[in-house]
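Top to bottom, those sequences are chains X and U. Sequential numbering of the first sequence, starting at 1, is according to the numbering used here. Sequential numbering of the second sequence, starting at 1, is according to the numbering used here. Cβ coordinates follow ideal geometry from the N, Cα and C atoms, glycine included.
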Amino acid sequence: DAGITQSPRHKVTETGTPVTLRCHQTENHRYMYWYRQDPGHGLRLIHYSYGVKDTDKGEVSDGYSVSRSKTEDFLLTLESATSSQTSVYFCAISEQLAGVINEQFFGPGTRLTVL
Amino acid sequence: AQTVTQSQPEMSVQEAETVTLSCTYDTSENNYYLFWYKQPPSRQMILVIRQEAYKQQNATENRFSVNFQKAAKSFSLKISDSQLGDTAMYFCAFMTYAGNNRKLIWGLGTSLAVNP
Numbered sequence: 001d002a003g004i005t006q007s008p009r010h011k012v013t014e015t016g017t018p019v020t021l022r023c024h025q026t027e028n029h030r031y032m033y034w035y036r037q038d039p040g041h042g043l044r045l046i047h048y049s050y051g052v053k054d055t056d057k058g059e060v061s062d063g064y065s066v067s068r069s070k071t072e073d074f075l076l077t078l079e080s081a082t083s084s085q086t087s088v089y090f091c092a093i094s095e096q097l098a099g100v101i102n103e104q105f106f107g108p109g110t111r112l113t114v115l
Numbered sequence: 001a002q003t004v005t006q007s008q009p010e011m012s013v014q015e016a017e018t019v020t021l022s023c024t025y026d027t028s029e030n031n032y033y034l035f036w037y038k039q040p041p042s043r044q045m046i047l048v049i050r051q052e053a054y055k056q057q058n059a060t061e062n063r064f065s066v067n068f069q070k071a072a073k074s075f076s077l078k079i080s081d082s083q084l085g086d087t088a089m090y091f092c093a094f095m096t097y098a099g100n101n102r103k104l105i106w107g108l109g110t111s112l113a114v115n116p
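Now the structure itself:
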């Protein structure tokens, strides 16, 4: 299994508080992604990174920011959490080798509840 | 806009039988990758099978195979000899790769129940 961990695995917080989720990989993969998964919406991309300090927005980036200061860590921050951000958050990684794009490998997910 | 449609929100199959999950997609790109992922109740996302669009031969992985029809933009998944452990949500996704874009476009999933 790809070495991807997410922390915390579960979190309950209150509206208006800042929250940071961490994704850590040991695979030295270039690409990292943050998704949220909600019933009826499938997986939606929040932000992704294509290298250290190189990030781009996904389809649901409002209210979220990311940082990647080193290859192995990709942080997702909710500056001021809202109840609409209650969700399961997945991190994923992928790599491209010899021109072949590999599939995305997923972390175990973080269940976030905003009260 | 690039989209993925899975027209079967729920399906069921008897153990040992064969089931086919449908997926259609829309893109103007000619080069892309297609994937089927499985998400069992444990919530872990697991790759089932992948297909490169430039390959005409359909991908197979043990009991899992695809029927890739590029002109029709169709990418169905066939599960043979269904097992109880195949019970899961199945997601179809595709990825184009222009520039630094490595984003997956996802369908909403098909919930598959394998009955004993």
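Looking at residue j and residue i, is the spacing between their C-beta atoms short of 9 angstroms?
i, j, result
"T24/U", "F91/U", "no"
"T110/U", "M89/U", "yes"
"Y64/X", "H47/X", "yes"
"Y33/U", "A1/U", "no"
"E72/X", "H24/X", "yes"
"L45/X", "V60/X", "yes"
"K73/U", "D26/U", "yes"
"K53/X", "R68/X", "yes"
Measuring only between beta-carbons, confirm whether residue i sits less than 9 angstroms from chain X.
i, result
"R79/U", "Per the sequence shown, residue 79/U should be read as Ile rather than Arg. Not one chain X Cβ lies under 9 angstroms of I79/U."
"G85/U", "no"
Within the same chain, show all residues whose beta-carbon is closer than 6 angstroms to that of residue i, passing over the 5 residues directly before and after it, in chain order.
i, result
"T113/X", "V12, T86"
"F68/U", "Q51, N58, F75"
"E10/U", "S111"
Buried or exposed, going by whether 16 or more other CB atoms sit within 10 Å of the CB of residue i?
i, result
"Q6/X", "buried"
"H41/X", "exposed"
"S28/U", "exposed"
Leaving out five residues on either side along the sequence, give the residues of the same chain with a beta carbon under 7 angstroms from the beta carbon of residue i.
i, result
"P8/X", "T110"
For residue i, which residues from the same chain have a beta carbon less than 8 angstroms from its beta carbon, with the 5 sequence-adjacent residues on both sides left out?
i, result
"E61/U", "V48, I49"
"S7/U", "S22, T24"
Examine chain A for any beta-carbon lying closer than 9 angstroms to the beta-carbon of residue i, and answer yes or no.
i, result
"M11/U", "Considering every chain present, this structure includes no chain A. Its protein chains are X and U."
Any beta carbon from chain U within less than 9 angstroms of residue i's own beta carbon?
i, result
"H10/X", "no"
"A92/X", "yes"
"E103/X", "yes"
Problem - Inter-stretch contact at 8 angstroms, needing at least 3 Cβ pairs: the segment 103 to 112 of chain X / the segment 10 to 20 of chain U - result: no
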